[in-house]
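Residue numbers 1 to 133, in full-length UniProt numbering, belong to the letters of the sequence shown in order.
C-beta: ideal position from N, C-alpha, C; glycine also.
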Amino acid sequence: MNKTILITASILGLISIVLGAFGAHALKELITVEAQKTFETGVRYQMYHALLLLFIGNVSNVQVKNKKILFYFVLFGVILFSGSIYGLATNSLSSFDFKTIGFITPIGGLFLIIAWGLLFVNLLKMKPKNDIF
């Protein structure tokens with residue numbers, strides 16, 4: 001499971017860099033400044049959660065079952081949250097009206113909040129090894 005989590009983290013990180021550059025350069029003349037900021041929010045949250053997955057994939061005290069749950073909450077959270085934000089920010093460039101599915105943005109956000117909460121609970125339950133404090 002760790003390998004899957006780490007590979008997914010690297011893919012999400014890679015895509016966020018590509019989309020960030022795309023948003024900063026290619027979209028600059030095509031969408032409003034407000035839409036650009038919205039797009040950047042999607043990129044930023046995607047990168048934050050790529051880094052979170054790198055952490056989850058490397059922490060040894062969280063059980064595999066819990067890592068799997070965290071992985072799916074983060075993955076689907078990023079897809080729904082950042083993905084819908086990308087669509088909403090570039091809505092004027094598409095024939096599809098992304099506002100009709102805008103309700104999935106907060107669902108994705110909720111998945112990300114749940115993932116952080118579950119990680120917090122799992123870290124609280126960790127048994128200390130050799131704390132220096």
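Does the distance between the C-beta of residue i and the nearest non-hydrogen atom of the ligand SAH fall short of 7 Å?
{"i": "GLY42", "result": "Annotation note on the ligand SAH: not contained in the displayed structure, which lists no ligands."}
Near residue i, what residues of its chain come up, given a Cβ to Cβ distance below 6 Å and the 5 sequence neighbours on each side ignored?
{"i": "residue 220", "result": "One cannot answer for residue 220 here, as it falls past the ends of the chain, which runs 1 to 133."}
Could you work out which residue in the options is closest to residue i when comparing CA atoms only?
{"i": "ALA24", "options": "LYS37, ILE15, PHE81 and LEU14", "result": "LYS37"}
{"i": "PHE39", "options": "LEU12, ILE85 and LYS68", "result": "ILE85"}
{"i": "LEU80", "options": "VAL64, LYS65, VAL62 and ILE113", "result": "ILE113"}
{"i": "PRO106", "options": "LEU14, ASN66, PHE22 and GLY77", "result": "GLY77"}
{"i": "GLY83", "options": "SER10, LEU19, LEU27 and MET1", "result": "LEU19"}
{"i": "GLY42", "options": "LEU124, GLY109, MET1 and SER95", "result": "GLY109"}
Give me, in chain order, the residues of the same chain whose beta-carbon lies closer than 8 Å to that of residue i; leave out the 5 immediate sequence neighbours on both sides.
{"i": "ILE31", "result": "PHE39, ALA89, THR90, SER92 and LEU93"}
Is the region 2 to 15 touching the region 51 to 60 in the sense that three or more CB pairs, one from each, lie closer than 8 Å? The region 51 to 60 vs the region 2 to 15: in contact.
Could you tell me which whole alpha helix (DSSP H) segments of length 4 or greater appear in the region 48 to 112? Runs of the alpha helix (DSSP H) inside the region 48 to 112: 64 to 89.
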